[in-house]
Amino acid sequence: MNYVSYDDFKKMDMRLGLIRCVEPIDGADKLLRFEIDFGPQTGITPGSIGGLGETKQAINCNGTCKKETCEDCEGECTCEITCTCNSGTYEIPFGKSEYAGRDVRQIVSGIREYWPDYKELEGKYGLYILNLEPREIRGVTSYGMLMAVDGIDGNPVFLGPQGEVEPGTKVR
Numbered sequence: 003m004n005y006v007s008y009d010d011f012k013k014m015d016m017r018l019g020l021i022r023c024v025e026p027i028d029g030a031d032k033l034l035r036f037e038i039d040f041g042p043q044t045g046i047t048p049g050s051i052g053g054l055g056e057t058k059q060a061i062n063c064n065g066t067c068k069k070e071t072c073e074d075c076e077g078e079c080t081c082e083i084t085c086t087c088n089s090g091t092y093e094i095p096f097g098k099s100e101y102a103g104r105d106v107r108q109i110v111s112g113i114r115e116y117w118p119d120y121k122e123l124e125g126k127y128g129l130y131i132l133n134l135e136p137r138e139i140r141g142v143t144s145y146g147m148l149m150a151v152d153g154i155d156g157n158p159v160f161l162g163p164q165g166e167v168e169p170g171t172k173v174r
């Protein structure tokens, strides 16, 4: 068995997320694209499709940077997602007004074959790892990973809360 140090384990950002939307990915029999709500947005969230929805925000964006936060840009923000450091305008890509102010992320998972009626997953909670490097799968970028276990029948079973929780609740 390979052991992971406790310090490495603590680095994982695991949260409960509420599935808002599920849809198939064209040309991919096994893949589903999820829009997962992780609660109120609290600053820069790489990969979030929530943000300010379809509105514009005053910032200075002249390119693409791979910084985690606006502070990393030292006041000269070039982030392509959500920032609020300087002046200027930009539009949030993929923004949806119904997700305004929410940390809603796009996650791709290869579980379509187990849920032919995948729309039944909407409104359910799942456990996700959020601080993995974004990964492009069949032309769609995934900003996290869905966690599941094998059920008795061999089909995946989502890990979720046993009581009431808010979207974005962290595992501790």
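Counted the way my numbering counts, the sequence shown spans residues 3 to 174. Positions of the beta carbon are idealized from the N, C-alpha and C atoms, including for glycine. These numbers come from a predicted model, not from an experiment.
Taking DSSP's pairing of strands, which residues face residue i in a bridge?
i, result
"S7", "Note: S7 sits in no beta bridge, so no partner."
"A150", "F160"
Check whether the Cβ atoms of residue i and residue j lie closer than 8 Å to each other.
i, j, result
"K185", "M16", "Residue 185 lies beyond the residue range present for the chain, which begins at 3 and ends at 174; the question has no answer from this structure."
"P163", "F40", "no"
"C23", "E135", "no"
When the Cα atoms are used, what is the spatial distance from residue i to residue j?
i, j, result
"Y116", "P158", "7 Å"
"V106", "F160", "19 Å"
"I27", "N133", "23 Å"
"K32", "G112", "5 Å"
Measure from the alpha carbon of residue i to the alpha carbon of each residue in the options, then state which is nearest.
i, options, result
"S144", "I154, G156, V151, I131", "I131"
"G103", "T44, R114, P136", "T44"
"A30", "A150, R114, M14", "R114"
"E37", "N4, I154, K121, G141", "K121"
"V167", "V142, I139, G128, P118", "G128"
Quick one: using the 10 Å Cβ neighbour count with 16 as the cut-off for buried, is residue i buried or exposed?
i, result
"R35", "buried"
"L148", "buried"
"Y8", "exposed"
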